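Taking it in order: structure first as structure tokens, then the write-up.
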Amino acid sequence: MAFPSIQIICEKCGGRINRIINVKSVKDILRPFNGRCNSCGVSLNPSDFDLHMEKA
274 MAFPSIQIIC EKCGGRINRI INVKSVKDIL RPFNGRCNSC GVSLNPSDFD
324 LHMEKA
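Numbering (our numbering), first residue to last: 274 to 329.
Right under this line is the structure:
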């Protein structure tokens, strides 16, 4: 059985910020990155995220 995973993607550059298996809040996911995209450095606001689901 495969577990669903969640990818957090920067809207500005398309870089993957993180991929997780456990559901966490966006704020908790961004904390290790100091609230910034680790690809382009743009400041990320947790309230600006949308949820998009795709079947893998």
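Every residue gets a Cβ at the ideal spot worked out from N, C-alpha and C, and that includes glycine.
In this text the structure is predicted, and so the values were computed from the model without any measurement.
Beta-carbon within less than 7 Å of residue i's beta-carbon, same chain only, minus the 5 sequence neighbours each way: which residues are those?
i       : result
Phe-322 : Val-299
Phe-306 : Ile-290
Using beta-carbon positions only, say whether residue i and residue j come within less than 7 Å of one another.
i       : j       : result
Asn-311 : Ile-294 : no
Identify, in the order they occur along the chain, each residue of the same chain with its Cβ nearer than 8 Å to the Cβ of residue i, setting aside the five sequence neighbours on each side.
i       : result
Arg-292 : Ser-278, Ile-279, Gln-280, Ile-281
Arg-304 : none
For residue i and residue j, what's the separation of their Cα atoms in angstroms?
i       : j       : result
Ile-302 : Cys-283 : 13 Å
Ser-316 : Val-296 : 22 Å
Gly-288 : Arg-309 : 11 Å
Leu-324 : Asn-318 : 14 Å
Cys-313 : Lys-285 : 8 Å
Inset, instruction - Only counting runs of 3 or more residues, tell me where the beta strand (DSSP E) segments fall wholly within the segment 281-307, in order along the chain. - result: 289-293
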